[in-house]
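Residues in the sequence shown are numbered from 29 upward in steps of one, following this note's numbering.
Below: one structure, written as structure tokens.
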Amino acid sequence: ICQYFGVRLTNGELVKSIKENIIDVPMDALKISIPSLLYLLQNSLLYVALSNLSAPMFQVTYQTKLLTTAVVSVIMLQRRYSLK
29 ICQYFGVRLT
39 NGELVKSIKE
49 NIIDVPMDAL
59 KISIPSLLYL
69 LQNSLLYVAL
79 SNLSAPMFQV
89 TYQTKLLTTA
99 VVSVIMLQRR
109 YSLK
């Protein structure tokens, strides 16, 4: 149903955009899907942690998501940061 309305409301532009950006360039879609799947895995594991950890320990664990994201982005983008 959602797919029908998506195509109907965008006058076929949605299908055209999917073809141009995902089907025609699968490597770009793969590059995007890897970090998104890792983020999905991380969020799923956070729900498991929530049910097994105390609130303070969970909060510390949850905050490491920010640090992990920053480190992975530095590695993937090959950027250098300095303290000034």
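Don't be surprised by glycine CBs; every beta carbon is placed ideally from N, CA and C.
Please read these numbers as outputs of a predicted model, since none were measured by experiment.
Residues near residue i by beta carbon distance below 7 Å, same chain, minus five either side
i, result
"ILE50", "ALA57"
"TYR90", "LEU74"
Terminal residues of the alpha helix (DSSP H) in which residue i lies
i, result
"GLU48", "Careful: GLU48 lies outside any alpha helix (DSSP H) and carries neither H nor E."
"LEU81", "No alpha helix (DSSP H) contains LEU81, which DSSP labels as neither H nor E."
Pair within 7 Å by beta-carbon distance, residue i and residue j
i, j, result
"LEU78", "PHE86", "yes"
Residue closest to residue i, alpha-carbon to alpha-carbon, out of the options
i, options, result
"TYR67", "ILE46, THR92, SER45, GLN106", "THR92"
Starting from the N-terminal side, write out each stretch of the alpha helix (DSSP H) that is 4 residues or longer and does not extend beyond the segment 83-107. 83-105
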